[in-house]
Each structure stands twice: as C-alpha cells, then as structure tokens.
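The opening residue of the sequence shown carries number 1270 in our numbering; numbering runs sequentially from there.
Taking it in order: structure first as structure tokens, then the write-up.
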Amino acid sequence: MGSEQATTIKYEFKAEVKQLLDILVHSLYTSREIFLRELISNSSDALDKLRFQSTKGTEISDSDLPLEIRINFDEKKKLLTVSDTGIGMTKDELISNIGTIAKSGSADFIKSLQENRADANNIIGKFGVGFYSVFMVAEKVVIKSKSYQKEAEPVVWSSDGLGSYEITETNEKLKRGTIIEIHLKEDAKEFAEKYRLETTIKKHSNFIQFPIYLEKERVNTISAIWREPKSNVKKDQYIEFYKFLTYDNEEPMDIIHKSVDAPIQFHSLLFIPKKNFDFFGLNREDYGLDLYVRRVLIQHKNKKLLPEYLSFVKGVVDSEDLPLNISRETLQENIIFTKIANTVTSQVLSYLSDKAKDKPEEYAEFWKEHGRYFKLGYTDFTNADKYQQLLRFNSSNDKDDKGLTSIEDYVSRFKKDQKEIYYAFGNSREAIEQDPHLEIFKKKGLEVLYLYDPLDEFVLSSIRKFKDYEFKSVDTVDLSKLDKFKDSGEKKDKLEELSKDDTKHFDSLLSRIKDILGDRVTEVKESKRLSESPCVLVNQDETMSSQMQKIIRMTTKDMSIQKKTFEINRDHKLIRNLLKVFKTNSKDNYITDTVEELFEAAQLLTGDLTDPHRLVNRINKTLEHASEMYVDRIKG
Ligand code: ADP
C-alpha cells in the first residue's frame, strides 16, 4: 500500500487517552464484544451525518454509493474489517477525533474507572467508551478514511494502542467513508468467526437504521418499530429495542408508545428505565430523545423534547411534519417542534398520573428510583398541576419512613377548618419525631409531611401552595391558627396548675432568662406549643424555616444567625424546679448555667449552634454533679 511519496508522521496519544487505553487493554472485561457495537454505532452516526448533509444539499463525493455498513473477516489472518460509506474523516479530523476524548466529564469518568476497576464491566458496557474499546480485542488497528468533501485526500491511521499512532497520507484509491481493519489478539480470534459476529451484531446492533452486511449477507432487520401500530409490536421487540437504545441489560420499567395524528403528526416510543443511569453523577449530560423526521435521524439525544426533570426517560420521536433539512440550531424556534415537545411532555406526565392512580405500588418504585430528578420539575409552571399531583413525601400518617404520601392524600385527611399543609425537615424520621416543634401537632393530631431531602423544602417553598392551601413549616407556623383544633391524643400526667403567686414569679423568671441571654434572643416567653420539652427556639421569619436559613447561610457564606424567640414550657418538671431555685435566690448561678445549657441545646436542634464545646463541657460538669448525688444516694 502507499507509494514513494507517502509520508508517515508519528503522534502521541493525549494523556487521558493513554490512561483509558491502559485500562481497556489490561482489564479482564467479560463482554469484550461490545467493541463491535461501538464501531457499528460510529459507522451508523457517520452515515446519518452524510444523509443529513445530502438533505441539506451539500455536494458530496461518490454520491452514488449506497449507505451501508459492511463487515468482513479472515479467520486465518485473524483479521476483521468494519467499513461504512459515511462522511469519513480528513487527516485533521482523524487527529482531533481519534487522538483525544471529547466527551465532557471524561477525565472524571476515567478516574472513576481506575478507582473502580472491579466495576469496569458494568461501566464500560453501559457508558460506551467508543472507538478505543477496539483495543480490548486488537493488537493493531488501521483506519483508512476518505471524507465526503470533494477535494479531501484519503488518509491512513494506525496504532497498536500502546501510546502512539501514525498517520500516512496515501495515494491509495479510496472511496468515501471509513474502513477499520482490526488485527485481532490471539485470545480474541473468535471475532473473525462468522457465527460469533452474527450473534453479536444481532444482539447489539439489530436496530441500526442502515443495512449491515456480514460478508455478502444482510444481518440486521431494519424496522422503525415506533412507526408501527402498537398491536403489531411484541413486548420482546420493545425490550430488544430498549436494550439497543440504552445499553441497559435490564428490561425497562415502563414502555410508552403513542402515535399522534392531530394537530401535528408524530410517533413516540418512550421508556422509563428500572434504574437511574446517573453513574457516579457522570452521566448527567448524557440524556435526550432521538429525533427522527420521517425515519431519518435528525438528532441523536435531543435535549429539548423533554424538560430536564424528565431526563430519565429514554426513547425516540419521529415527526411527519418537520422539514427534513431543518437545522439543529434552529429546531427550538420551530413551532412544530415546540408543539411536539409539549405533547411528549404531557404524554409522560399523563402516563405517570395513571400509574400513580392505578398502580400505587409500582409508582412507589418509580418514585424511589427517579423521584430525585422528577422533583426538579418545580420550575415547570405549565404543568404545575400534574407535577404537584405526582409529588410524594413521607408523612406522620405513614407507619414508617418507607411510606409515601401525595399532597392530595394529605389534603383529603384535613381536619375540619384546616387550611394549611404542615411540613417538617430533618435527617431522618426519628430526628423529626423528636423535634419539639412537632409536639403541638402531635397533641392536636395534625398530620405533618416529613422532608428528608433539602431539595424538598425548596420544592415546597417555590410551589408555595397546593390548590388554595399554603405549605407551612412547623417552625414558622402561626400558632394562633392552631387554636381552632382541639387536643386529641392521650393526656399526659399534668403537673399541678401554677398558683397566682407562682405565675408572677414565673414571669420574673422569664425576665431573668432574657437578662442572661441578652440580645442572643429577641424575646423570652411562655410556650404554647410544647408538651414534652422544656424549651424551644422559634423562628421570627414567617417565610423561612430554620433549615432554609441554614442552606442560605451555606450558599451565601453569610454565617450570621437569625435571632429567635426562646419559648419556655412552664409545665415541664425542669422549669418548675428552676422556678423553685429562683424563688429561693433569684441570682443563683445554677439558673445561669441551666439557662445557658438549655439555650445551646435548643440551638443545636435548630442547627444554629456553631461551636459545641461549651455545651459539651457543661454537660460533663452536670453529669459529674449528678453522679455525686447518685453515689450519695446508693450509699444510703
Ligand atoms: P463517540 O462516538 O462517542 O464520539 P468515539 O471515540 O467512538 O467517540 O469516536 C470519536 C469520533 O471519531 C466520533 O465522534 C466521530 O467524529 C469520529 N468517528 C469514529 N468513527 C467514525 C467513522 N466510522 N466515520 C466517521 N467518523 C468516525
């Protein structure tokens, strides 16, 4: 091959490519066959791009060549070739496309592959490492390519995948497209056998929209199943197509197949995967639906057909009405496109609504897997009603933290005259149930939504209302509004009522506490909300819960803490004892110490305590005292 004039230049792979190659060459990857899927899919992309150029009217070399993929093999030579008549590559394109890794986040991806070698099987298969995967089976690879551009020269690229590659400008007569020659390693020679190749192509590449020939025989059956009437498509075909599309090896959780006739005509075939695809948070950008116009792929992974919060949905949309030569850049401004996008979004939301209604258990599975993404839809004002109906939270009404409650369910259990929806935030159900703010809700038998994900509170405070009912955090609620609800729940053993005289002393004690705390609190007053705890810090800001304040403090780095009201439960044993001490000596240091302790403990619960050292030292001292008293007592 080549001629006297051919010049060969040697290039080094970029560092990240070397790292990836090192992993691929040395990992004991069990399904190496996916290299073929990757090469065929590259060929198919190249053919799509060519078809796209020709519908745009671009002049193309060898324009009479059929659009197809050919696979040839030579068992004796351990040689496999994959060729296509796609757009091909110029020398510069070969260097920039094959010598580097363009995918965003690929550096992170490689790092996590290196750290999780054991998991490589799972990751390589699902993520798709592209062209380089060929080095799992090849000791040498030669790419011969000629670009579709009229004046382009053919080029030859070759590498053993160890660190460098060579590029030769050849005089060889090549037609448009790309030929990849794979010199197989001894332990991979099975990939030069007909049966092995045929089953691999059928398994991974059956739905490629261009003919694939294995030697002379056509292997794949091209069918756009999304254009078929539902009754013609078998479940297995849907599943096979889903696996082809997503590289998932599990069946999808849901299949949504629709054809719309009016006012615009299109077909959509959508899937909800069983598991979220966000491996290590690296796949966040890798979403979108494939957009076809009358069977021709216009854009792979279009990100505007569905809003981002539904990005877990996979699938294809095929329009009858969009022009074939539409440019990807202006798609979004096209009215037909916008209408399709809106309809597809409604299709998904309606599907989910039905599922939530008819199969709540399956919906719970969906929520567990994809709910975190779905929640981000609080910005979708157009579909606010549907979105809100699909939200789920844990609630005091559920028997444990696995239970899921919809806002509608909550409202259906409203107490007479209830106008607000109450929620509390905490790290766990246990933590929330210990929160003093909840005591009055328990006493009055009012249901409270339990939020464990900081995002939940953003969601509720940005949607603000469900129908006419406002969401209220248990720590910003106006207590006078709870007066109308009678106490339910069992009565606790109550302490004796305070005498008139003691009530006066109690008021003086409150002033004393305010003196001790100074301007660390706005006010010290008797609490109406507590039944179990001696005291609690209460928010002054009606609009923002303590948790929200904490998040904002973290994001704005403004560490100043908002002052709160310190509420004291006069029917708590500890406070009654404090009152006795106060009556004996209003200046007793014991009061100061106890108040400091109670205050910091309350701060700890609202997340306002910045330094726990003093609190802990005081606890230790108190325990020391208590232990002395205890020892005295057991000694009799
Ligand atoms: P990916 O396909 O994910 O972009 P690859 O490493 O598989 O990553 O390929 C890198 C690039 O090389 C492709 O994006 C494409 O531009 C180019 N390429 C690969 N194979 C072909 C081919 N058969 N024809 C034309 N271009 C190709």
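Even for Gly, the Cβ is constructed at its ideal location relative to N, Cα and C.
Please state whether DSSP places residue i in a helix, a strand or coil.
i     : result
E1766 : coil
T1260 : Residue 1260 is absent from the model: the chain starts at 1270 and stops at 1905.
N1603 : coil
K1503 : coil
T1277 : strand
S1829 : coil
Q1288 : helix
M1358 : coil
T1824 : helix
E1836 : strand
S1300 : coil
N1311 : helix
N1366 : helix
M1270 : Unreliable placement is indicated for M1270, whose pLDDT of 46 sits below 50; no coordinate value is reported for it.
V1613 : helix
Given that a residue counts as buried once 16 or more other Cβ atoms are within 10 Å of its Cβ, and exposed if not, what is residue i?
i     : result
F1650 : exposed
S1272 : Any answer about S1272 is weak, because its pLDDT of 47 lies below 50 and its placement is not dependable; what the coordinates show is given next. By the 10 Å Cβ count, S1272 comes out exposed.
K1685 : exposed
E1716 : buried
G1640 : buried
K1644 : buried
A1284 : exposed
D1901 : exposed
K1741 : buried
E1328 : exposed
T1614 : buried
M1270 : Only weak support is given to the placement of M1270: the predicted model assigns it a pLDDT of 46, under 50, and the value that follows is read from those uncertain coordinates. M1270 should be labelled exposed.
M1823 : exposed
G1399 : buried
K1671 : exposed
S1829 : exposed
S1814 : buried
D1333 : exposed
P1912 : Missing from the structure shown is residue 1912; the chain here goes from 1270 to 1905 and no further.
E1302 : buried
What residue does the beta strand (DSSP E) around residue i start on, and which one ends it?
i     : result
Y1679 : Taken as a continuous stretch (DSSP letters only), Y1679 belongs to no beta strand (DSSP E), being part of the alpha helix (DSSP H) at 1676 to 1681.
S1730 : Careful: S1730 lies outside any beta strand (DSSP E), inside the alpha helix (DSSP H) at 1723 to 1732.
V1585 : 1583 to 1588
L1874 : Here L1874 belongs to no beta strand (DSSP E); instead the alpha helix (DSSP H) covers 1858 to 1875.
E1689 : 1689 to 1694
L1593 : Unbroken run through L1593: none, as it is neither H nor E.
Y1561 : 1558 to 1562
K1570 : 1565 to 1571
E1739 : 1738 to 1742
I1701 : First-last for I1701: 1698 to 1702, but that is the alpha helix (DSSP H), not the beta strand (DSSP E).
Y1719 : 1717 to 1720
R1496 : R1496 -> no beta strand (DSSP E), and no H or E assigned at all.
F1535 : 1535 to 1541
F1400 : It is not in any beta strand (DSSP E) - F1400 carries neither H nor E in the DSSP assignment.
F1342 : 1338 to 1343
L1348 : 1348 to 1353
L1574 : First-last for L1574: undefined, no H or E at that position.
Spatial neighbours of residue i within its chain, please: CB distance less than 6 Å, with the 5 preceding and 5 following residues excluded, ordered by chain position.
i     : result
F1342 : L1349, A1461
Q1288 : I1379
D1507 : It should be pointed out that residue 1507 corresponds to Tyr in this sequence rather than to Asp. Around Y1507: I1524.
F1662 : T1674, L1718
T1834 : T1791, E1792, V1807
V1864 : I1782, I1785
K1472 : none
If we cut at 8 Å on Cβ distances, does residue i have a partner in chain E?
i     : result
T1490 : The structure shown contains no chain E; it holds only a single protein chain.
So is the beta-carbon of residue i under 7 Å away from any non-hydrogen atom of the ligand ZN?
i     : result
A1315 : Questions concerning the ligand ZN fall outside what the structure shown contains, since the ligands it does hold are the ligand ADP.
Residue i lies in the alpha helix (DSSP H); which residues open and close that run?
i     : result
I1412 : Counting along the chain, I1412 falls outside any alpha helix (DSSP H), though it belongs to the beta strand (DSSP E) covering 1407 to 1415.
K1711 : 1708 to 1712
T1853 : 1842 to 1853
S1896 : 1882 to 1904
K1527 : Note, K1527: premise wrong, no alpha helix (DSSP H); beta strand (DSSP E) at 1523 to 1529.
L1659 : 1653 to 1659
Quick one: residues in its chain with C-beta nearer than 8 Å to the C-beta of residue i, no 5 flanking neighbours on either side, listed in chain order?
i     : result
G1357 : A1315, S1414, K1415, S1416, Y1417, A1421, R1445, G1446, T1447
R1563 : D1587, S1588, E1589, L1593
L1878 : E1869, Q1872, L1884
K1570 : D1555, Y1556, G1557, L1558, D1559
_Continuous alpha helix (DSSP H) assignments of at least 4 residues falling wholly in the stretch 1417 to 1486_ = 1463 to 1474
*Can you list the beta strand (DSSP E) stretches of 3 or more residues lying completely in the stretch 1775 to 1799, in chain order?*
1790 to 1795
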